[in-house]
Amino acid sequence: QVQLVESGGGLVQAGGSLRLSCVASGIIFRPNVMGWYRQAPGKQRELVADITSGGHTNYVDPVKGRFTISADNAKNAVYLQMNSLKPEDTGIYYCVNTWGTVDYWGQGTQVTVSS
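Under this note's numbering, read the sequence shown as residues 3 to 117, first letter to last.
Shown next as structure tokens:
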């Protein structure tokens, strides 16, 4: 059974940095895509960034130039380096691994950015 565990969230002041980690267990094949989503209070979950098995990365406009997604396939891990954080980055961040049309999600990690 695939399980994803996120870590690295916390409380940080605006302008600060955090690095989120997500480690997957129970994997047999490398996922096609690994990504990070976030859900702000009262809002729908939205994509933040993702990375394909070939290393192609994709970012939503609000985080471009501030966030960097990376993966370590040997460790079944995906990371999200978040710099120049803003209060609007506050939310629960979820890791997702995708195989074809099948997604597995982590339990989420809270990121709070104070102004």
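C-beta: ideal position from N, C-alpha, C; glycine also.
Rounded C-beta distance between residue i and residue j? I'm assuming under 8 Å.
i	j	result
D91	M84	7 Å
R47	Y81	Wrong, their Cβ atoms sit about 20 Å apart, outside the cutoff.
D133	G28	The chain is shown only over 3 to 117; residue 133 falls outside these bounds and no answer can be derived.
I94	G110	4 Å
Measuring straight from C-alpha to C-alpha, what distance separates residue i and residue j?
i	j	result
R68	G102	29 Å
G17	Y106	31 Å
V65	I71	11 Å
N34	T59	12 Å
N78	S116	32 Å
A76	G56	14 Å
T54	V98	12 Å
First and last residue of the beta strand (DSSP E) that includes residue i?
i	result
Q15	12-15
S19	No beta strand (DSSP E) contains S19, which DSSP labels as neither H nor E.
Q3	Neither: Q3 is in no beta strand (DSSP E) and is coded neither H nor E.
If you scan the stretch 26-114 from start to end, which runs of the beta strand (DSSP E) of 3 or more residues do you find wholly inside it?
-> 35-41, 48-54, 59-61, 69-74, 79-84, 93-101, 104-107
Are at least three pairs of beta-carbons, each pair with one atom in the stretch 4-12 and one in the stretch 23-35, less than 8 Å apart?
-> yes
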